[in-house]
Amino acid sequence: MNEHEIAQRHDRIAGAAATLGLDITDAQVQQLSVYQDQLLRWNKVYNLTALRDPDKVLIQHVFDSLSVIGPLSDIFAPGRKISVLDVGSGGGLPGAVMAIMRPDWQVCCVDAVEKKTAFIRQAAGVLNLSNLVSEHIRIERKPPAQADLVISRAFASLVDFSDWSGRHVGSEGYLVAMKGRLASEEVSQLKEKGAWTVAQVQKLNVPELDAERCLVWLQQVGKYDK
-15 MNEHEIAQRH DRIAGAAATL GLDITDAQVQ QLSVYQDQLL RWNKVYNLTA LRDPDKVLIQ
45 HVFDSLSVIG PLSDIFAPGR KISVLDVGSG GGLPGAVMAI MRPDWQVCCV DAVEKKTAFI
105 RQAAGVLNLS NLVSEHIRIE RKPPAQADLV ISRAFASLVD FSDWSGRHVG SEGYLVAMKG
165 RLASEEVSQL KEKGAWTVAQ VQKLNVPELD AERCLVWLQQ VGKYDK
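Residues in the sequence shown are numbered consecutively from -15, following the working numbering.
Printed below as a string of structure tokens:
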């Protein structure tokens, strides 16, 4: 990319953050841009994502991940140091974006594919993100993490996600799933399972993307019963 194209991308990133009501520094804009470059470069060899077009990667990966920063930040007090577990993170989505935008959040990206966790480690080094780590392990084999936030993006059905990841949620933590259109069958199957239920479905508006996106908040059945 030439300097003009890089400047245009930076403007789009800053504009997307503004649309989402997020404060973003020039350094964070640069980090998100470099992260996209790293993802595209590694993807040529390691197949980290099915998307190859830089514009689609920017919108459908970076902007999509940015869209959850506001809703999640509303839950935790400003400046509070929290632990985040990104399940089935792939190339670090949304985990790497969360680590860039919230330096006070300690993010661990978990994936069963070693080349993906290797990329995340490399990206964390390039971007100087001391709050981003990765772990190569199947989530169901990982010892309980007691995380403040456990999140996934287009990872699995709600039943499988809650079965595999629910035990990693701390006593005051949250289990959330990023989804496109939420199928009623998924909600019904989760209800039939009986361990977790859908507490809230929060609509997400992704800049430059005309498609349905939502954040599904899950609640353990009986946890808050008197």
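We put the beta carbon where it would ideally sit given N, CA and C, even for glycine.
Sequence-distant residues of the same chain with beta carbon closer than 8 Å to residue i, five excluded per side
{"i": "Ala179", "result": "Ser146, Asp147, Gly150, Gln204 and Val205"}
{"i": "Ala195", "result": "Gly164"}
{"i": "Leu4", "result": "Leu50, Ser51, Ile53, Gly54, Asn189 and Pro191"}
{"i": "Gln173", "result": "Ser141, Leu142 and Val143"}
{"i": "Gly132", "result": "The sequence shown places Asp at residue 132, rather than the Gly named in the question. Correct list, in chain order: Phe60, Ile66, Ser67, Val68, Gly154, Glu156, Gly157 and Tyr158."}
{"i": "Asp7", "result": "Ala1"}
Cβ shell of residue i (< 6 Å), same chain only, five flanking positions each side left out
{"i": "Arg122", "result": "Ala96"}
{"i": "His120", "result": "Glu98 and Thr101"}
{"i": "Arg137", "result": "Leu77, Pro78 and Met162"}
{"i": "Gln130", "result": "Gly154"}
{"i": "Leu113", "result": "Ala83"}
{"i": "Lys177", "result": "Val143"}
Nearest residue (CA-CA) to residue i, options the options
{"i": "Asp39", "options": "Ile(-3), Ala1, Glu(-13) and Val94", "result": "Ile(-3)"}
{"i": "Val190", "options": "Arg(-7), Ser172, Ala61 and Asp48", "result": "Asp48"}
{"i": "Val110", "options": "Leu199, Arg(-7), Ala2 and Trp26", "result": "Trp26"}
{"i": "Leu159", "options": "Glu176, Glu169, Val185 and Ser172", "result": "Val185"}
{"i": "Val71", "options": "Lys187, Phe139 and Ala129", "result": "Phe139"}
{"i": "Thr33", "options": "Gly75, Asp21, Trp201 and Gln106", "result": "Gly75"}
Coil, strand or helix - residue i by DSSP
{"i": "Asp209", "result": "Any reading at Asp209 is ruled out, since the residue's pLDDT is 49, under 50, leaving its predicted position unreliable."}
{"i": "Ser136", "result": "strand"}
{"i": "Val200", "result": "strand"}
{"i": "Met224", "result": "What the structure shows of the chain is the stretch from -15 to 210, and residue 224 is not part of that stretch, so it cannot be assessed."}
{"i": "Val52", "result": "coil"}
{"i": "Gln15", "result": "helix"}
{"i": "Gln106", "result": "helix"}
{"i": "Thr3", "result": "helix"}
{"i": "Ile66", "result": "strand"}
{"i": "Lys126", "result": "coil"}
{"i": "Thr101", "result": "helix"}
{"i": "Gln(-8)", "result": "helix"}
{"i": "Glu192", "result": "coil"}
{"i": "Ala(-2)", "result": "helix"}
{"i": "Gly79", "result": "helix"}
{"i": "Leu159", "result": "strand"}
{"i": "Gly219", "result": "Because the chain is modelled from -15 through 210, residue 219 falls outside the range shown and cannot be assessed."}
{"i": "Leu116", "result": "strand"}
{"i": "Asp147", "result": "helix"}
{"i": "Asp95", "result": "strand"}
Proximity test, Cβ basis, 8 Å: residue i and chain D
{"i": "Ala11", "result": "Any reference to chain D falls outside this structure, which holds one protein chain only."}
Cutoff 7 Å; reference residue i; Cβ partners in own chain excluding five residues on either side
{"i": "Asn115", "result": "Ala83, Pro87, Trp89, Gln90 and Val91"}
{"i": "Leu24", "result": "Pro38 and Val41"}
{"i": "Cys198", "result": "Lys163, Leu166, Val185, Gln186, Lys187 and Leu188"}
Rounded straight-line distance, which links the Cα of residue j to that of residue i
{"i": "Val117", "j": "Pro78", "result": "13 Å"}
{"i": "Leu193", "j": "Ile43", "result": "7 Å"}
{"i": "Ala(-9)", "j": "Met(-15)", "result": "10 Å"}
{"i": "Ala0", "j": "His45", "result": "13 Å"}
{"i": "Ser67", "j": "His(-12)", "result": "38 Å"}
{"i": "Met85", "j": "Ala108", "result": "13 Å"}
{"i": "Gln20", "j": "Arg36", "result": "11 Å"}
{"i": "Val171", "j": "Gln15", "result": "37 Å"}
{"i": "Trp201", "j": "Gly63", "result": "22 Å"}
{"i": "Val94", "j": "Pro127", "result": "12 Å"}
{"i": "Ser168", "j": "Lys175", "result": "11 Å"}
{"i": "Val29", "j": "Ser73", "result": "18 Å"}
Nearest-angstrom beta carbon gap, residue j and residue i [assumed within contact, 8 Å]
{"i": "Ile104", "j": "Ala80", "result": "6 Å"}
{"i": "Val134", "j": "Val153", "result": "5 Å"}
{"i": "Val13", "j": "His(-6)", "result": "5 Å"}
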